[in-house]
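Only one structure is covered here, and it is reproduced in the block below.
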Amino acid sequence: MNPISVLLTIAIYFAVLFLISYIAGRKADNEGFFVGNRRSSWYVVAFAMIGSSISGVTYVSVPGMVAEAGFSYLQMVLGFVVGQFLIAFVLVPLFYRMNLVSIYEYLENRFGMSSYKTGAWFFFLSKMLGAAVRLFLVCLTLQVLIFEPLQLPFLLNVAVTVALVWLYTFQGGVKSLIWTDMLKTFCLVVSVVLCIYFIADDLNLGVGGLIATIRDSDFSRMFYFDDINNKYYFFKQFFAGVFTMIAMTGLDQDMMQRNLSCKNFKDSQKNMITSGISQFFVILLFLMLGVLLYTYGGLNGLFAPKEIEGDKVFLLVATRNFPMFVGVLFIIGLISSAYSAAGSALTALTTSFTVDILGVKNKKEKDIVKLRKRVHVGMAAVMGAVIVIFNILNNTSVINAVYTLASYTYGPILGLFAFGIFIKKAVRDKFVPLVAVLSPLLCLILQKNSKAWFGGYEFSYELLILNALFTFAGLCLLIKRSLTPALSKGEGEGIQPKSTTIK
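With the first letter of the sequence shown counted as 1, position 116 gets the number 116 in my numbering; the numbers rise by one all the way through.
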């Protein structure tokens, strides 16, 4: 594909996207921006959530993972499904009962202001880094397809990309995102299915041949039970998946903002269960596509599996070795998935920073609108700066970077919520930030020395669990000695929480 055809594809897609965003968000007030007025139908949110959970990282990196990791990623995805069920039946009823706009208000009700701000700042750090990593991958792809051929700098690439994200989210927020995510989910799934079809057709594979090719491939191994020191060991991946899902969805303002837009907690539970199961099969499609991409590349002498970066495999085959229609599908799928993640992250960051860090209690509606719009611009600018920095420092697989960052930044949030829900004791709130900072530092020390200290054992994404346990243990040391437990506001019968109300 030439740069002009890529630009035309993106322009047409965004024209449709902006139209949907305008129709959905033209009458959105603050409540519409933050929680979609709590009127979203569960099946609409469930379909939209597929696109939300499948980011541009998944779209490009997962097919390329099979050369090194086979289908082992599905071990983690099985954990994702279990994690979705736990979120649906533990966290969702709690958040709805407390009528929260930002889920980190729970920490204020449960522990105090220091814990509340700690959770909000760790979310800000987690989501900003994660969103920047995901959008960085899109910028790399656009640099190869458009900006380098036109001799345009990476900085302009980032500016245009972030500006597009800002434009379609600045008015409607969550209310717009749910409907635009439906479009993105449709484009993403259709693009992957059709790419599989075209590659299979080029390889003269029917349905039986397609299944046999994938089954017999050296890349199709899924389960690893033989060596606990292997980073792909089943229980490492599975439990990391469970807790990663709880942390990155259940305790993430970005993802829960959509779920809290449903009419009631039962509808939100239906959405969580449906989208969780659907995610497994969508990721399976990406891994199947990965096997076909490497098979096609090997048979046509394009590359050997170890001679090309995994993040570039899909890009290389889809845009250079097939008819333009396949390349168009790739671009639409990538843009759909990537801008879904970036747009929702920008909305969630705006919500959390406005409500949690700056505070909107006792402010007038028009003042909140002004503040929210300024924060929205600021979040977009910071995201762009982080992408540029990541481009300078990048030296790892993008999907690996996302989960490694999550292990360090979401661990304290997971520990705080776990303690708050399961241990009904008050803590010395002012020392909570210290615990939240020390826990990731202890994890970093362990990760750097684990092979030497533990007989070759190598930490993988289960580092998130260890991080949360350190935070949990630290909070146990901060327990106030009293005769009565400290229930969170809203957890006792008849007690109503004082959550932020956006009208």
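Built from N, CA and C at the ideal position, the CB exists for glycine as well.
Give a yes or no on whether the C-beta atoms belonging to residue i and residue j are separated by under 7 Å.
i: Cys-187; j: Ile-12; result: no
i: Asp-356; j: Ser-102; result: yes
i: Ser-275; j: Ile-50; result: yes
i: Ala-120; j: Tyr-104; result: yes
i: Gly-250; j: Ile-87; result: yes
i: Ser-344; j: Asp-254; result: yes
i: Gly-130; j: Ile-246; result: no
i: Met-383; j: Val-162; result: yes
i: Leu-145; j: Val-6; result: yes
i: Lys-231; j: Glu-458; result: yes
i: Ala-46; j: Asn-271; result: yes
i: Val-60; j: Leu-287; result: no
i: Leu-107; j: Ser-114; result: no
i: Thr-244; j: Leu-464; result: yes
i: Val-510; j: Ile-368; result: Since the displayed the chain opens at 1 and closes at 503, residue 510 lies outside it and no answer follows.
i: Pro-153; j: Pro-3; result: no
Tell me the DSSP secondary structure of residue i in three-state form.
i: Ile-331; result: helix
i: Gly-173; result: With a pLDDT of only 48 at Gly-173, under 50, the local geometry of the prediction cannot be trusted, and no value is derived from it.
i: Val-360; result: coil
i: Phe-34; result: Here Phe-34 scores only 47 on pLDDT, less than 50, and its place in the model should not be relied on; the value that follows carries that caveat. Correct three-state label for Phe-34: helix.
i: Ile-423; result: coil
i: Ile-445; result: helix
i: Ile-479; result: strand
Given residue i, which residues of its chain have a CB within under 8 Å of its CB, disregarding the five upstream and five downstream residues?
i: Val-193; result: Leu-285
i: Cys-476; result: Phe-419 and Ile-423
i: Leu-125; result: Thr-409
i: Lys-363; result: Leu-371
i: Gly-208; result: none
Within its chain, find whatever has a CB closer than 7 Å to the CB of residue i; leave out the 5 residues flanking it on each side and keep chain order.
i: Val-81; result: Gly-276, Ile-277 and Phe-280
i: Phe-225; result: Phe-234
Taking C-alpha atoms, which residue in the options lies nearest to residue i?
i: Val-388; options: Gly-343, Val-138 and Met-248; result: Val-138
i: Gly-378; options: Glu-365, Thr-354, Asp-367 and Lys-363; result: Thr-354
i: Thr-9; options: Gly-250, Leu-142, Leu-205 and Phe-47; result: Leu-142
i: Ala-348; options: Leu-7, Val-62 and Ser-261; result: Ser-261
i: Met-256; options: Ala-473, Thr-185, Val-92 and Val-77; result: Val-92
i: Phe-123; options: Asp-227, Thr-350, Ile-4 and Phe-325; result: Thr-350
i: Ala-436; options: Leu-446, Thr-471, Ser-450 and Val-375; result: Thr-471
i: Lys-236; options: Ser-72, Leu-167 and Pro-440; result: Ser-72
i: Met-182; options: Phe-154, Met-324 and Ser-41; result: Ser-41
i: Gln-75; options: Thr-118, Ile-4, Leu-156 and Glu-462; result: Glu-462
i: Arg-481; options: Val-190, Ala-426, Pro-412 and Lys-451; result: Ala-426
i: Val-133; options: Val-360, Thr-404 and Ile-214; result: Thr-404
i: Lys-127; options: Val-386, Trp-453 and Lys-451; result: Val-386
i: Ser-509; options: Phe-431, Pro-440 and Phe-14; result: Coverage of the chain is limited to positions 1 through 503, which leaves residue 509 absent and any answer about it impossible.
i: Phe-239; options: Leu-466, Met-98 and Lys-263; result: Leu-466
i: Leu-334; options: Leu-346, Phe-314 and Ser-352; result: Phe-314
i: Val-44; options: Phe-390, Asn-259, Ile-392 and Gly-327; result: Asn-259
i: Ala-506; options: Val-160, Leu-19, Ile-196 and Glu-365; result: Any answer about residue 506 is impossible in this case: the structure gives the chain only from 1 up to 503.
i: Thr-58; options: Lys-451, Ile-392, Val-189 and Ala-212; result: Val-189
i: Ile-392; options: Leu-416, Leu-155 and Lys-451; result: Leu-155
Could you check how far apart the C-beta atoms of residue i and residue j are, in whole angstroms? I think they sit under 8 Å.
i: Gly-70; j: Arg-221; result: 4 Å
i: Tyr-294; j: Phe-219; result: 6 Å
i: Leu-414; j: Ala-468; result: 4 Å
i: Leu-78; j: Gly-241; result: 6 Å
i: Val-317; j: Gly-290; result: About 11 Å; that fails the 8 Å criterion.
i: Leu-329; j: Ser-191; result: 4 Å
i: Gly-474; j: Asn-229; result: Their Cβ separation, rounded to whole angstroms, is 28 Å, which puts Gly-474 and Asn-229 out of contact at 8 Å.
Counting only beta-carbon atoms, is residue i nearer than 7 Å to chain C?
i: Leu-135; result: Looking at the structure shown, chain C is missing, and only one protein chain is on hand.
Does the distance between the C-beta of residue i and the nearest non-hydrogen atom of the ligand ATP fall short of 6 Å?
i: Lys-266; result: You won't find the ligand ATP in this model; it holds no ligand whatsoever.
By Cβ distance below 6 Å, which residues in the same chain neighbour residue i in space, the five residues on each side in sequence not counted?
i: Ala-342; result: Ala-131, Leu-135 and Val-165
i: Ser-460; result: Lys-231 and Lys-236
i: Phe-147; result: Asn-157
i: Asn-204; result: none
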